[in-house]
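**Student:** Starting off with a structure, shown below.
Chains as they are written, first to last, in our numbering: chain Z, 56 to 448; chain V, 56 to 448.
Following this line, the structure appears as structure tokens:
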């Protein structure tokens, strides 16, 4: 990530910078020289849905590599990015454990590290496509990215804490707090998921210290599950017999138990929490609206992922979804990471064409034509469509 | 068709009756006892897009048989239904022919008859689904039907008229005329299509005299091509070296030469006339919004057609377009008629599901996911979708 060292910026200056897309990540330097993460914005090529709190989407055509560069990685924040001094920061582990513990960043860095490529996707990715529209950030398809996360295994921390047999959930609490009476952002992870060796407490992203927007200094990485489980600015892990009762567990990030007709009002008692991401693909190149010369080869490319499952195949249509051709899955792969795919195409018919991509996972589950509308606008998973214009060469 | 003998109805009474759906077809009885077709409405189960001129759509769930009953057959009219006395009516055949001729209905009835099942579909069927919206009658998917048409072969009439070698088009003119300065409704058929033995001049529909709404006393049937070629209330056939220059040939019923992006303004010079209907299917049962009991077998059924081509297969998805099952094509078939298809389904998951149908013709052409938007809103051909709700049995 491009780092700009800044003096004390006013809130307005931050906002302006974010809207200009010029701020980069900003570190405020305090008197003692410790670095403090402050409200900051990644580089200006992201789509700003909200500057404060920061909700930034990656334009899909900028997703060109298996690893998403930090400065292009989408940002989802519920509240303002907290200003955290890494030398003051602590992680408290408490609740239904034998040995409550408070850890410094240095404590964590001395533990055995683990690095895992994990694709994160906001549960609301694609919300802007739902019809009827649904309240919330109107994400297009770019609230997704793939990074190498380095940190410690959550299981290692829990093991030393001595989880009691009655425990069933972990409550993850970040340092961000809402304005006024807004509830704290706490998410709840089932213990069995947390104890798998691949759930991390990460302090690095693609080999760099976590940026403020991405959870500096510590972020949970709950691989294969929707992004909100990967709580940023983590300060407390509470082990509990119960699921958390707060609104970010009991109301948000939930879908109807059975699919409902678009526009249906659904009682919270009839909902279940979202966990694993669905099988899904996006076309990242060509960009929507691209002009392509007839008769000249072009490469259609994109990404496919399926939460905890493997991608088995991606099929692509260049004729509005009539005929399908298998795309080539690239070699870079990891259990919780997306697959990049490509298809060579020589356009032979002039005019407007809709490219469509459709992924299938190892269980044979494939993307639908019609997504399951839900009141939260979560888990948009329909086949992806990109319209291009074939022009005389 | 249910016939109601009526006295002289006022225009308002007709309109009210049509809107009530109670008029049926009305024949006014004149002093001499000859039957005169007047502004009339088929039975009241059709969707009234316009009562005068008559534009009536068949609710798709009422399409349950291979042959569409006359009283359920969609009606498309550009102008007011003309009041025609069958004993006064004449068909004039003129233009680039050796023997101009004027024929009575009796002349035609004495010629060798031909009966052909032909599916007619309005070129604008599905227009209401286009996004962005397009001006014109906002048809759903029910401006289509299949009937047995009885009449004479147009080729027989043309043979006796002696078509000159220079001739290339037939101009078909109906008795309907527009209000004020509105142009005459004239359509132009290429001579080679007209000379095929299966292009008819029909005076019966499903064994009954043509109803006024369907073109009494004579209608062209141009099989496999969009419905506007099948000109109603036919009074004149002019053979010509040139295509007709009127707006119903040079402006309407045309699509862009190459597909365009939705919302594009297209110059008339960049358009081509619509001819054959595209491969297409609709689900007619269950009806949209139907409640289906879980665990109980139901039959999904519908129709598929492809203009001049045969239907090879219909595939149906019961899970929003993920997995597909082949439907059974019923036995009743004819070259220009749709195929009825069925699929038995035992719903096993509660909730809202989208059924999707996708037809493929004998040439391997299949329906798209995204239709080709065009400024006229013609030829909507996307896979059909019906949302149903599976409920506890």
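Just so you know, even glycine gets a beta-carbon here, dropped at the ideal spot from N, CA and C.
Keep in mind it's a predicted model, so treat the numbers as computed, not measured.
Kindly list the residues whose CB is nearer than 6 Å to the CB of residue 402/Z, restricted to its own chain and excluding five residues on each side of it in sequence; keep chain order.
**Tutor:** For the purposes of this step, residue 402/Z is identified with residue 347 of the first chain, where counting begins at 1. Correct list, in chain order: 347, 349, 445.
**Student:** Run through chain Z and tell me which residues come within less than 7 Å of residue 409/V, C-beta to C-beta.
**Tutor:** Stepping through the second chain from its first residue, residue 409/V is reached at position 354. Here the neighbours are 425.
**Student:** Taking only runs of the alpha helix (DSSP H) that begin and end inside the segment 214–261 of chain V, which ones reach a length of at least 4 residues, in chain order?
**Tutor:** Counting whole runs of 4 or more residues, the segment 214–261 of chain V contains the alpha helix (DSSP H) stretches 246–250.
**Student:** Can you tell which of 114/Z, 287/Z, 141/Z, 148/Z has the C-alpha that lies nearest to the C-alpha of residue 337/Z?
**Tutor:** For this step, residue 337/Z is matched to residue 282 along the first chain. Measuring from the Cα of residue 337/Z, the nearest candidate turns out to be 114/Z.
**Student:** Can you check whether the C-beta of residue 282/V is within less than 7 Å of a C-beta belonging to chain Z?
**Tutor:** Here residue 282/V corresponds to residue number 227 of the second chain, with the count starting at 1. Not an interface residue.
**Student:** Residue 438/Z touches chain V at which residues, Cβ-Cβ below 9 Å?
**Tutor:** One-based indexing of the first chain puts residue 438/Z at position 383. In chain order: 376, 424.
**Student:** So with CB distances below 8 Å, who are the chain V contacts of residue 421/Z?
**Tutor:** Start at 1 with the first residue of the first chain, and residue 421/Z comes out as number 366. Ordered by position in chain V, the residues that pass the 8 Å Cβ test against residue 421/Z are 377, 378.
**Student:** Using a Cβ-Cβ distance under 7 Å, would residue 406/Z count as near chain V?
**Tutor:** The residue you call residue 406/Z lines up with position 351 of the first chain. For residue 406/Z, the answer is yes, since a Cβ of chain V falls inside 7 Å of its Cβ.
**Student:** Roughly how many angstroms separate the alpha carbons of residue 273/Z and residue 116/Z, rounded to a whole number?
**Tutor:** Taking the first chain and counting its residues from 1, the one referred to as residue 273/Z is at position 218. Taking the first chain and counting its residues from 1, the one referred to as residue 116/Z is at position 61. Computed Cα separation, rounded: 29 Å.
**Student:** By the DSSP assignment, the alpha helix (DSSP H) with residue 167/V in it spans what residues?
**Tutor:** Residue numbering aside, residue 167/V sits at position 112 when the second chain is read from its first letter. Per DSSP, residue 167/V belongs to no alpha helix (DSSP H) and is neither H nor E.
**Student:** What are the boundary residues of the alpha helix (DSSP H) that residue 304/V is part of?
**Tutor:** Translated into positions along the second chain, residue 304/V becomes position 249. Counting along the chain, the alpha helix (DSSP H) containing residue 304/V begins and ends at 302–305.
**Student:** By the criterion of Cβ-Cβ separation under 7 Å, what are the contact partners of residue 316/Z in chain V?
**Tutor:** Stepping through the first chain from its first residue, residue 316/Z is reached at position 261. Simply 407, 442, 444.
**Student:** For residue 336/Z and chain V, any beta-carbon pair shorter than 7 Å?
**Tutor:** Residue 336/Z sits at position 281 when you count from the first residue of the first chain. No, residue 336/Z does not count as interfacial toward chain V.
**Student:** Mind checking residue 354/Z: buried by the 16 CB within 10 Å criterion, or exposed?
**Tutor:** Along the first chain, read from residue 1 onward, the residue named residue 354/Z stands at position 299. Burial call: exposed.
**Student:** Can you check DSSP and say which residues form a bridge with residue 391/Z?
**Tutor:** Here residue 391/Z refers to the residue found at position 336 when the first chain is read from its first residue. In DSSP, residue 391/Z forms a bridge with 173/Z.
**Student:** Could you give the first and the last residue of the continuous beta strand (DSSP E) run that contains residue 335/Z?
**Tutor:** Here the question's residue 335/Z lines up with position 280 in the first chain. Its beta strand (DSSP E) spans residues 335–340.
**Student:** In its own chain, which residues sit with a C-beta less than 8 Å from the C-beta of residue 168/V, not counting the 5 before and 5 after it?
**Tutor:** The residue given as residue 168/V occupies position 113 in the second chain. Once the five neighbours on either side are set aside, the close Cβ partners of residue 168/V are 205, 206, 207.
**Student:** Going along the chain, which residues of the segment 291–313 of chain Z sit with their C-beta nearer than 9 Å to a C-beta in chain V?
**Tutor:** Going along the segment 291–313 of chain Z in chain order, one finds 311, 312, 313 with a Cβ nearer than 9 Å to chain V.
**Student:** Using CA atoms only, rank isn't needed, just tell me which of 329/Z, 413/Z, 173/Z is closest to residue 380/Z.
**Tutor:** As a working mapping, residue 380/Z is identified with position 325 in the first chain. It is 413/Z.
**Student:** Alpha carbon to alpha carbon, what distance is there between residue 281/Z and residue 238/Z?
**Tutor:** Numbered from 1 along the first chain, position 183 holds the residue referred to as residue 238/Z. Numbered from 1 along the first chain, position 226 holds the residue referred to as residue 281/Z. C-alpha separation (whole angstroms): 21 Å.
**Student:** Roughly how many whole angstroms lie between the Cα atoms of residue 448/V and residue 351/V?
**Tutor:** Here residue 448/V is taken as the residue at index 393 of the second chain, counted from 1. Here residue 351/V is taken as the residue at index 296 of the second chain, counted from 1. Taking the straight line joining both Cα atoms gives about 8 Å.
**Student:** So, with DSSP's three-state summary, where would you put residue 357/V?
**Tutor:** Reading the second chain from its first residue, position 302 is the one you call residue 357/V. In the structure shown, residue 357/V sits in a strand (DSSP, three-state: E or B).
**Student:** Is the beta carbon of residue 364/V less than 7 Å from the beta carbon of residue 437/V?
**Tutor:** Along the second chain, one-based indexing puts residue 364/V at 309. Along the second chain, one-based indexing puts residue 437/V at 382. Against a cut-off of 7 Å, the Cβ pair of residue 437/V and residue 364/V comes out as no contact.
**Student:** Go through its chain and collect everything with a Cβ distance to residue 375/V's Cβ below 8 Å, but skip five positions before and after it.
**Tutor:** Locating residue 375/V in the second chain gives position 320, counting from the first residue. The answer, listed in chain order, is 408, 409, 411.
**Student:** Using CA atoms only, rank isn't needed, just tell me which of 120/Z, 118/Z, 151/Z, 101/Z is closest to residue 111/Z.
**Tutor:** Reading the first chain from its first residue, position 56 is the one you call residue 111/Z. Here the closest residue by C-alpha is 101/Z.
**Student:** Starting from residue 159/Z, trace the beta strand (DSSP E) both ways and give me its first and last residue.
**Tutor:** Numbered from 1 along the first chain, position 104 holds the residue referred to as residue 159/Z. That residue, residue 159/Z, is in no beta strand (DSSP E); it is neither H nor E in DSSP.
**Student:** Can you tell me the Cα-Cα spacing of residue 262/Z and residue 270/Z, whole angstroms?
**Tutor:** Start at 1 with the first residue of the first chain, and residue 262/Z comes out as number 207. Start at 1 with the first residue of the first chain, and residue 270/Z comes out as number 215. About 15 Å.
**Student:** Quick check on this structure: which residue in 366/V, 340/V, 154/V has the alpha carbon closest to the alpha carbon of residue 293/V?
**Tutor:** In the second chain, counting from the first residue as 1, residue 293/V sits at position 238. For residue 293/V, the nearest C-alpha among the options comes from 154/V.
**Student:** Residues in the same chain with beta-carbon distance under 7 Å from residue 135/V, minus the five sequence neighbours each way, listed in chain order, please.
**Tutor:** Numbered from its first residue, the second chain carries residue 135/V at position 80. Excluding sequence neighbours, residue 135/V sits near 94, 107, 108, 231.
**Student:** Sort 378/Z, 181/Z, 391/Z by Cα distance to residue 277/Z and report the nearest one.
**Tutor:** The sequence position of residue 277/Z within the first chain is 222, counting from 1. Comparing Cα-Cα distances from residue 277/Z to each of 378/Z, 181/Z, 391/Z, the minimum goes to 391/Z.
**Student:** Please classify residue 347/Z: does DSSP put it in a helix, a strand, or coil?
**Tutor:** As a working note, residue 347/Z is residue 292 in the first chain. Note: residue 347/Z maps to strand in three-state DSSP.
**Student:** At which residues does the beta strand (DSSP E) containing residue 204/Z begin and terminate?
**Tutor:** Residue 204/Z sits at position 149 when you count from the first residue of the first chain. Unbroken beta strand (DSSP E) run through residue 204/Z: 199–208.
**Student:** To the nearest angstrom, how far is it from the Cα of residue 382/Z to the Cα of residue 212/V?
**Tutor:** Against the first chain, residue 382/Z aligns to sequence position 327. Against the second chain, residue 212/V aligns to sequence position 157. One C-alpha to the other measures close to 56 Å.
**Student:** Determine contact between the segment 125–142 of chain Z and the segment 310–328 of chain Z, defined as no fewer than three beta-carbon pairs at a distance below 8 Å.
**Tutor:** Verdict: no, contact absent.
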